[in-house]
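Residue numbers (our numbering): 123 to 289.
For each residue, glycine too, the CB sits at the ideal point set by N, CA and C.
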Ligand SMILES: Nc1ncnc2c1ncn2[C@@H]1O[C@H](COP(=O)(O)OP(=O)(O)O)[C@@H](O)[C@H]1O
Ligand SMILES: [Mg+2]
């Protein structure tokens, strides 16, 4: 367990290994990363990733296809997740995901994306982006950016957009 109170100060001295639109990712050097929200959308996505991982961790998809979330602070501005290596291309992702003998790589890939889309309302465009995926320590492909579910989109993206149109 991390003492998150002192942790924020320490973060600044750690290597920054990734930056998205709502989170910064720091390497903790022990096979884990800290995903630090830079806005409320980042907090919502941190919370969503934690909940998906914790609630569904007996489930095939979350167990196999989501990067582990180990810990989070009280307001979810920081989560601790398993560190993954970058997946470079869609071709590499398809091959990595394929657990058949290689003949049905394409079908297996499309089915996996469909399943993730239907169960978690994750955006297909995001799911098909190799940068949303990483290789875990077991050399398995896992989603590293899975917090933008339909629910989070509804709450933090869609409605906000709708209101701003009327300003
Ligand atoms: N578990 C992880 N292991 C290694 N790098 C990561 C991990 N999660 C995210 N990253 C890196 O940090 C970047 C930003 O993280 P991401 O989850 O995409 O945040 P955002 O929600 O802001 O887009 C990613 O594109 C990736 O390069
Ligand atoms: Mg991202």
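Checklist entry - Do residue 193 and ligand 2 come close, with the Cβ less than 7 Å from some heavy atom? => result no
Item to check | Those residues, in chain order, that have a beta-carbon closer than 5 Å to some heavy atom of ligand 2 | outcome: 142 and 267
Checklist entry - Closest to residue 264 by CA distance: which of 137, 130, 215 and 168 is it? => result 215
Next on the checklist: Does the stretch 194-214 come into contact with the stretch 270-278, if we say contact requires no fewer than three beta-carbon pairs (one atom in each stretch) closer than 8 Å?
Outcome noted: no
Checklist entry - Mind checking whether the beta-carbon of residue 158 lies closer than 7 Å to any heavy atom of ligand 1? => result no
Item to check | residue 189 (DSSP reduced to helix, strand or coil) | outcome: coil
Checklist entry - What is the DSSP secondary structure of residue 175, counted as helix, strand or coil? => result helix
Item to check | Residues that DSSP places opposite residue 256 in a beta bridge | outcome: 208 and 264
Checklist entry - In three-state DSSP terms, what is residue 140? => result strand
Item to check | Cβ neighbour criterion (16 or more within 10 Å) applied to residue 127 | outcome: exposed
Checklist entry - From residue 243 to residue 258, what does the alpha carbon distance come to, in whole angstroms? => result 23 Å
Item to check | Chain-order list of residues whose beta-carbon lies under 6 Å from that of residue 269 (same chain, five-residue window excluded) | outcome: 167, 170 and 171
Next on the checklist: Quick check: does the Cβ of residue 189 come within less than 7 Å of any heavy atom belonging to ligand 1?
Outcome noted: yes
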